[in-house]
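First residue of the sequence shown? That's 668 in this note's numbering, and the numbers climb one at a time after it.
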Amino acid sequence: MKKNMTKVMAMGMVLTMLAGTTAFASGTAAEATKGVLATAEDTKQAKAAFLGESGKIVSVEKSGTDGVSVVEIENKNGGLRFAVDANSLILDRKDGSYKTVADLTEGMEVAVVYSANSPMGMSLPPYLGSVTAVVANADADNMMVGHFGDDLTDKTNKLQLNISDETRILNLEGAKIRLSAEDVKNQDALVFYDVTTRSIPAQTTPSLVLLLTQAEEAGEEMGNEPKMQAQMMVPLREAAKENGYTVKWQGKQKPIVLEKDGTSIEITLGSAEYVVEGDMVMKAAMPSELKDGKTYVSSEIFN
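Now the structure itself:
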């Protein structure tokens with residue numbers, strides 16, 4: 668009889684622990700873990716296209732030309748450094764307004780979203796280069812980066828969205844039309860939310876949803892040309908080889924010359940501008956940069 672009672676008590680303790688784990692996904696923002704966008708196992712299972720980091724800004728410093736600034740944040744993961752310029756998407760979580768580099772100040776809590784394929788330097792803290800989006804004043808709600816399916820559940824089955832009229836839905840282009848729950852389906856998104864249900868997946872009504880893919884169809888409906896897909900920084904030599912270019916290094920003070928079938932591209936370190944065929948000046952989404960002895964350039968140069 669004592670053995671049976673012991674088994675019953677043990678089972679009760681296990682169920683209590685499991686119930687406590689489920690309760691993690693409920694309650695107020697203060698009760699949930701903040702700033703954790705996905706575990707390594709979650710990312711592996713979901714094959715995430717985007718990743719995220721949050722933290723407090725410790726410095727914003729101008730770097731080189733073209734109005735580029737390097738922002739450093741600190742968090743429990745060791746922090747992060749990344750580049751922003753006049754073309755960077757900076758969004759305010761409080762009211763959904765779009766901001767500029769000048770609005771990023773020391774002590775501000777921000778969320779940073781970047782491509783899962785982005786190169787990251789091995790410095791401390793790691794240097795990421797340009798990012799997909801920065802959300803200012805990100806200290807009030809919980810947040811998550813994920814891919815949401817037809818039923819608005821993310822691939823890790825942790826969170827299901829119940830979009831309401833109060834939910835702000837924005838995209839990388841600053842959409843001029845009203846977006847709805849239909850626009851969120853089968854999309855990668857950064858989500859801010861507060862209270863969730865005690866269920867699996869936990870359900871929530873998000874305060875803000877930022878779609879991380881370009882709304883080409885929306886652009887066509889507005890009569891505008893669809894914008895480019897978000898660019899990323901790629902290692903110059905690897906990308907050049909993959910696209911059939913040879914690379915001629917002439918030193919830090921002179922342009923790097925790419926050549927292929929009589930076509931030349933000149934790239935200057937620290938500048939977003941590059942020259943095609945000696946006289947056609949074009950501008951990339953992000954300036955080229957030298958990190959840890961390796962040159963990185965914006966991917967559309969090879970398009």
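Backbone N, C-alpha and C define an ideal beta-carbon position, used for all residues, glycine too.
Only a predicted model underlies this, so the values are computations on that prediction, with no experimental measurement involved.
Residues near residue i by beta carbon distance below 7 Å, same chain, minus five either side
i	result
F969	A906, N910
A754	Correcting the residue type first, residue 754 is Asn in the shown sequence and not Ala. Around N754: A952.
D709	Model confidence at D709 stands at a pLDDT of 47, short of 50, so the residue's coordinates are unreliable; what they give is reported in the following sentence. Hits under 7 Å: T823.
P902	P786, K961, Y963
Y941	I932, E933, I934, M949, A951, I968
Residue environment, residue i, which counts as buried when at least 16 other CB atoms sit within 10 Å
i	result
Y998	The chain is shown only over 668 to 970; residue 998 falls outside these bounds and no answer can be derived.
R760	buried
V779	buried
M949	exposed
D808	buried
K711	Bear in mind that a pLDDT of 43 at K711, under 50, signals an unreliable position, so the number given afterwards is only what the model happens to contain. Exposed.
S966	buried
G740	The sequence shown places Ile at residue 740, not Gly. Flag for I740 reads buried.
M810	buried
M900	buried
A769	exposed
G745	exposed
L791	exposed
D821	buried
I867	exposed
T772	exposed
Cβ-Cβ separation, residue j to residue i (assumed contact under 8 Å), whole Å
i	j	result
N956	G796	According to the sequence shown, residue 956 is Glu rather than Asn. Indeed they touch by this definition, with Cβ atoms about 6 Å apart.
S831	T872	5 Å
G719	L857	7 Å
F717	V802	Contact doesn't hold; Cβ gap of about 13 Å is too wide.
A869	K825	7 Å
Among the options, the one whose alpha carbon lies nearest that of residue i
i	options	result
A939	P922, S931, N804, G929	P922
V725	G774, E833, L747	G774
T767	V735, S790, N838, L878	V735
T930	T913, I757, L936, F815	T913
E849	A869, F815, E933	F815
S874	I867, E833, S790	E833
T935	E944, I740, K919, E926	K919
T880	V727, A800, K743	A800
V727	K743, D861, R748	R748
D752	D817, P954, K723	P954
K743	I757, L756, K723, K958	K723
Bridge partners - residue i, DSSP secondary structure assignment
i	result
G813	A856
G722	V777
A800	V780
E933	V924, V942
L878	A856
R835	L875
I757	K766, V801
F717	S782
K919	Answer is none; K919 lacks a bridge partner.
P793	Paired residues: none, contrary to the question.
Beta-carbon proximity list for residue i, same chain, < 6 Å, skipping 5 on both sides
i	result
I836	L846, V876
A750	V735, V737, G796, S797
K927	G911, Y912
R904	V914
Neighbourhood of residue i by C-beta distance below 8 Å, restricted to the same chain and skipping five residues each side
i	result
L819	Q827, L828, N829, I830, A848, V851, K852
A805	S721, R760, E776, V777, A778, F859
E944	T930, S931
L878	I836, L837, N838, L839, L846, D850, V851, Q854, D855, A856
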